[in-house]
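Numbering (the UniProt record's numbering), first residue to last: 183 to 411.
Ideal Cβ positions, reconstructed from N, Cα and C, are used throughout, including at glycine.
Quantities reported herein were computed from a predicted structural model and do not represent experimental measurements.
Only one structure is covered here, and it is reproduced in the block below.
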Ligand code: PMT
């Protein structure tokens, strides 16, 4: 028989970048390809879960058996996350959400000005989606966040675990060639609270599909006791 340890669980995953409009034809974004989040969705479905994938704009096809919800901005992603998280067991924030958006996106295409060599763009903070989900008093799923860092990986990862009240953090070094943003492989340190201590599971460079399964299996060992309580 095929092993389906996530049968009966509803999993919500955010993936890809967000796009923050500057005007009708321009936006602020980042290099997330969606590969890591889509690998998690594929792995969760293969383990038997009901999977909802909230996806920023990416060039990937929808994994079989996964319900995909397309969004553009962080605000759109937050709305979809709040709605889908209500009755979910596991929420994974893999999206590279833009931390800031334009304070006032222009209604018409911004014109180049011949009389000015510089232009100032005022940005305002976007909502922190995963922190909102993790701060819920009721209907709070098990929450896994990612930490994309270019230095002091584990220190910042631990900091995000505590500050955003997450149950697990996948800390990945996005400065290493061939790993992280856009790559097919990734490496990470999984971090979770164990009483007052923080436990860790370092994962070497490997295909994102394999890392996704390791993350889910680790989460299931923490989640299963809660679920069957
Ligand atoms: O998409 P790929 O090309 O496969 O690349 C994968 C990846 C490198 C994007 C992925 O592995 C990853 O690290 N995703 C998180 C990227 C990120 O934005 O990290 P962060 O450290 O800025 O954010 C920390 C956590 O808070 C993340 O779970 C993020 O989804 C969440 N967040 C951040 C800001 C915000 N406004 N809302 C959020 O929910």
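Residue i versus the options, residue with shortest Cα-Cα distance
i, options, result
"residue 353", "265, 198 and 343", "343"
"residue 378", "215, 349, 202 and 219", "349"
"residue 356", "188, 330 and 380", "330"
"residue 369", "381, 363 and 388", "388"
"residue 320", "296, 346 and 270", "270"
"residue 375", "401, 358, 396 and 359", "401"
"residue 219", "197, 188 and 203", "197"
"residue 189", "303, 233 and 222", "233"
"residue 398", "215, 276 and 203", "276"
"residue 403", "221, 212 and 272", "272"
"residue 256", "206, 213, 205 and 312", "312"
"residue 315", "307, 346 and 332", "346"
"residue 282", "214, 195 and 210", "210"
"residue 245", "326, 205 and 217", "217"
"residue 332", "184, 362 and 212", "362"
"residue 214", "318, 240 and 204", "240"
"residue 274", "193, 203 and 341", "193"
"residue 253", "195, 303, 207 and 296", "195"
"residue 203", "303, 251, 191 and 297", "303"
Beta-carbon separation (whole angstroms), residue i vs residue j, contact threshold 8 Å
i, j, result
"residue 284", "residue 305", "6 Å"
"residue 242", "residue 309", "Wrong, their Cβ atoms sit about 25 Å apart, outside the cutoff."
"residue 199", "residue 249", "Not quite, the Cβ-Cβ distance comes to about 20 Å (not below 8 Å), so this is no contact."
"residue 372", "residue 382", "7 Å"
"residue 201", "residue 238", "7 Å"
Where residue i sits in the DSSP three-state scheme
i, result
"residue 320", "coil"
"residue 301", "coil"
"residue 376", "strand"
"residue 342", "helix"
"residue 294", "coil"
"residue 335", "helix"
"residue 360", "coil"
"residue 394", "helix"
"residue 284", "strand"
"residue 261", "helix"
"residue 399", "helix"
"residue 235", "strand"
"residue 219", "helix"
"residue 225", "helix"
"residue 210", "strand"
"residue 204", "strand"
"residue 382", "strand"
Cβ neighbour criterion (16 or more within 10 Å) applied to residue i
i, result
"residue 384", "exposed"
"residue 395", "buried"
"residue 294", "exposed"
"residue 364", "exposed"
"residue 155", "Since the first and last residues shown for the chain are 183 and 411, residue 155 lies out of range."
"residue 222", "buried"
"residue 327", "buried"
"residue 184", "exposed"
"residue 307", "exposed"
"residue 300", "exposed"
"residue 325", "buried"
Proximity test, Cβ basis, 8 Å: residue i and chain E
i, result
"residue 273", "No chain E is present in this structure, which holds just one protein chain."
Cβ contact (3+ pairs, closer than 8 Å) linking the region 213 to 229 and the region 332 to 350: Contact between the region 213 to 229 and the region 332 to 350 is absent, with fewer than three C-beta pairs closer than 8 Å.
Sufficient close CB pairs (3 or more, under 8 Å) joining the region 290 to 297 to the region 263 to 282: no
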